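Residue 658 in the numbering used here is what sits at position 28 of the sequence shown, and the numbering runs on without skipping anything.
Structure first, then comments.
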Amino acid sequence: MYFRLMNVIDVVVFIILTYGVLRGVNKGLIIEISGILAFALGILGAFKFSNLTSKFFGNLVDWNQKTIQLVCFIALFLIIVYLTSLMAKMITKTLQLIALGWLNRIFGGLFGFIKWSIIISALIMVVNEINTLITVFPNSIFENSKIYPFLANVGSFLFDWATESKVLEGNQIV
631 MYFRLMNVID VVVFIILTYG VLRGVNKGLI IEISGILAFA LGILGAFKFS
681 NLTSKFFGNL VDWNQKTIQL VCFIALFLII VYLTSLMAKM ITKTLQLIAL
731 GWLNRIFGGL FGFIKWSIII SALIMVVNEI NTLITVFPNS IFENSKIYPF
781 LANVGSFLFD WATESKVLEG NQIV
């Protein structure tokens, strides 16, 4: 009965969120979080240590300095991502051994739902901005949607939260 009340946006969002939940259940919380963490640590680590490693390898090979820096950046990124993923798989196996794999999967599904809700909310914000400039979708699609108002509110809340400056002790702005 409820599916009859859904419009195109609701159906697409439902399919995407179902995919997110199933993927989260399949991978588990540890693997889901480690994917995001691995990417962030890979970027940070590569930026932080690529100059140091390029100086070391610059003495070993006769390449252009820019090429050495690029190769070191990519290599460090891939190594950090691989090691983070390896640690996550070890933690997941440990959880399975102590019979907590089911908990990892349940929270993985919840995390997948939240992650994809945030992604969809961000996409909705982008579509809204584009739609104010040029009409890509008629307003009736958004007005008749059951889930659109909720996701639009989530997107605007997260955008406001992310863009406000945060003051820490000692007047440091983050």
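Every residue gets a Cβ at the ideal spot worked out from N, C-alpha and C, and that includes glycine.
None of the values given here were measured: they were computed from a predicted structure.
{"Asked": "DSSP-derived helix/strand/coil call for residue 747", "Found": "helix"}
{"Asked": "Boundaries of the alpha helix (DSSP H) in which residue 675 is found, first to last residue", "Found": "659-688"}
{"Asked": "For residue 728, three-class secondary structure by DSSP", "Found": "coil"}
{"Asked": "Residue range of the alpha helix (DSSP H) that includes residue 693", "Found": "Neither: residue 693 is in no alpha helix (DSSP H) and is coded neither H nor E."}
{"Asked": "Residue of 646, 640 and 660 minimising C-alpha distance to residue 733", "Found": "660"}
{"Asked": "Exposure label - residue 754; buried when at least 16 CB within 10 Å", "Found": "buried"}
{"Asked": "Buried versus exposed call for residue 649 [16 or more other C-beta atoms within 10 Å across all chains shown]", "Found": "exposed"}
{"Asked": "Given residue 736 as reference, the closest of 640, 646 and 657 once Cα atoms are compared", "Found": "657"}
{"Asked": "Where residue 662 falls, given that 16 or more other Cβ within 10 Å makes a residue buried", "Found": "buried"}
{"Asked": "Integer-rounded CB distance, given that residue 671 should sit under 8 Å from residue 714", "Found": "6 Å"}
{"Asked": "Distance, residue 709 Cα to residue 744 Cα", "Found": "28 Å"}
{"Asked": "Through-space distance from residue 638 to residue 770, alpha-carbon basis", "Found": "11 Å"}
{"Asked": "Check whether residue 788 and residue 760 have beta carbons under 8 Å apart", "Found": "no"}
{"Asked": "N-terminal and C-terminal residue of the alpha helix (DSSP H) that residue 771 is part of", "Found": "769-773"}
{"Asked": "Whole-angstrom distance between residue 690 and residue 677, CA atom to CA atom", "Found": "21 Å"}
{"Asked": "Of the residues 778, 746, 644 and 740, the one placed nearest residue 758, counting alpha carbons only", "Found": "778"}
{"Asked": "First and last residue of the uninterrupted alpha helix (DSSP H) at residue 783", "Found": "778-793"}
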